[in-house]
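Numbering of the sequence shown is given in the numbering used here, commencing with residue 33 and proceeding in unit increments.
Cβ coordinates follow ideal geometry from the N, Cα and C atoms, glycine included.
As the structure is a computational prediction, the values presented were derived from the model and not from experiment.
Input: a single structure, listed below in structure tokens.
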Amino acid sequence: MVLESLSHGCPVVAFDVNYGPADMIEDGENGALVPFGNEDLLAQRIIEILGDPERHQRLCEQARRAAKQFRTVVVAEKWKSLIQDVFLTKPPAQNEVAMNIGQTLQMAHVAGQQIGCGRNVRIWFDGHDDTLSLSFTEGFRETLATEQFQALEAACRFLNLRIKDSPPDTDLSTFRSDRQDAETRRSGSDVSETFDRYYSQNTWGNSESVSGSGSTLAQTQTLRTVLPTLFSDLSVRSLLDLPCGDFHWMRHVPLENGIQYLGADVVEALVQRNQEQFGSERVRFIRLDVLCDRIPRVDLILCRDCLVHLPNADIRRALFNLSRSGSQWLLTTTFPGHHAAKDIALGKWRPLNLEAEPFCLPPPLMLVVERCTQGNGRFADKSLGLWHLRDIANGMGHDTARG
């Protein structure tokens, strides 16, 4: 958020914590730094800046200038120098590395994209596991002398870079969620508990599908007709259905052209049942929490009747988590005829217009109107909206991860 604010000419007042702000904020020049935890002084600095128009204007101008040093082209050149001129020629001394990495790492994470590093080496951000990674062009690694490669490994360890052969493509036949790490990150989350209870008690109260009346064959007739054509038009070869529920209606959708289907749900018992009954070479089911588990990279993520059950803050977390998977398309439930979404408790329901406040997503590239007949016609606008996940990431910003 600091860099984004500076780039828009907004001076930043922040706590002087160990990592981050001091690399971008120069106290008194483009913002202010105050000792960590001193809330009174933080408020005082904000009031002082806002109460002095001349000083505020000067800080705004300096903020824009300061942000320019973090432009992608500038940081890319730093990476090239760091890797090619230092790492591949001699073992890195810590003081040499430290001179280069502070601001570079900031921009590498903000950019969230591959940064070219010459013909043979490149640094890129892997959204699957939130790591900066280094890879070589084919055959280049074999040309390095042992001493050179050892020096490179030492430098990568110092920078917390992972050496990988190439940017990974997810194989849905072997993908597993990062359960151990996810369980740690999930501390305090009751998503699993809530929907486990809904499943075991059949809270939705529908005799045809434990996923509720919205998952009956009658309510999904339009989708079952439209989706195969949509998948074909988008050249979808891998599909994540999150949440997949009981797979009641989706199993009637033809998965043509060799589509790999991965159904995911937070309810473990449901996943196990689906895998036993419907699992095959091209159809698999795993447990995933949309809020905190690593999402596999696929061509299209189908996220129907999911976000409508989450509080607003969790919706932003979910969208951020989906967008950083590296997947291309998101097809998710939206109600374009409704207005701003009221907030709800976890597990409740309300119609959700993702283009309205507080999410303000860009208009979807297309809408699949479901022709919903529930609620005596009050939800006739229920649709699946198609977004490019890159547009969602750009629109919402990386601060959504913090909820």
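If you check the CB distance, Asp48 and Val34 do not come in under 9 Å. Under the DSSP assignment, Phe47 falls in the beta strand (DSSP E) whose first and last residues are Val44 to Phe47. Between the alpha carbons of Lys380 and Ala98 lies a distance of about 45 Å. Beta-bridge annotation (DSSP): Asp375 is not paired with any residue. The Cβ-Cβ distance between Val322 and Pro275 falls below 9 Å. Across the set Asn70, Thr365, Leu378 and Thr405, the C-alpha of Leu378 shows the shortest separation from the C-alpha of Glu225. Taken in chain order, no unbroken stretch of alpha helix (DSSP H) lies wholly in the stretch 356-423 with a span of 4 residues or more. According to DSSP, residue pairing for Leu65 in a beta bridge involves Ala46.
Contact between the stretch 390-399 and the stretch 409-425 is present: three or more C-beta pairs spanning the two stretches fall below 8 Å.
Cys338 and Thr365 have their C-alpha atoms roughly 8 Å apart.
Beta-bridge partners of Ile318 (DSSP): Ala296. Counting of Cβ neighbours within 10 angstroms places His371 among the exposed residues, the total staying below 16. Annotation for Ile81: the continuous alpha helix (DSSP H) segment containing it runs Glu71 to Leu82.
Its chain contains Pro43, Asn62, Gly63 and Ile81 as the residues whose beta carbon lies nearer than 7 Å to that of Leu91, once the 5 sequence neighbours on both sides are disregarded; these appear in chain order.
Burial check for Phe352: the Cβ neighbour count within 10 Å reaches 16 or more, so the residue is buried. Spatial neighbours of Asn234 in its own chain (CB-CB distance under 8 Å, excluding positions within 5 residues in sequence) are listed in chain order as Val242. Going by DSSP, Cys92 is part of no beta strand (DSSP E) but of the alpha helix (DSSP H) stretching over Pro85 to Ala99. Residue state for Asp278 is assigned as coil, using DSSP reduced to three classes. DSSP places Ser245 in no beta strand (DSSP E); its state is neither H nor E.
Here the alpha carbons of Leu342 and Gly295 stand approximately 19 Å from one another.
By the criterion of a C-beta distance shorter than 8 Å, Leu320 is surrounded in its chain by Ser209, Leu274, Ala296, Asp297, Val298 and Ile327, once the five residues flanking it on both sides are discounted. Boundaries of the alpha helix (DSSP H) around Asp55: Pro53 to Met56.
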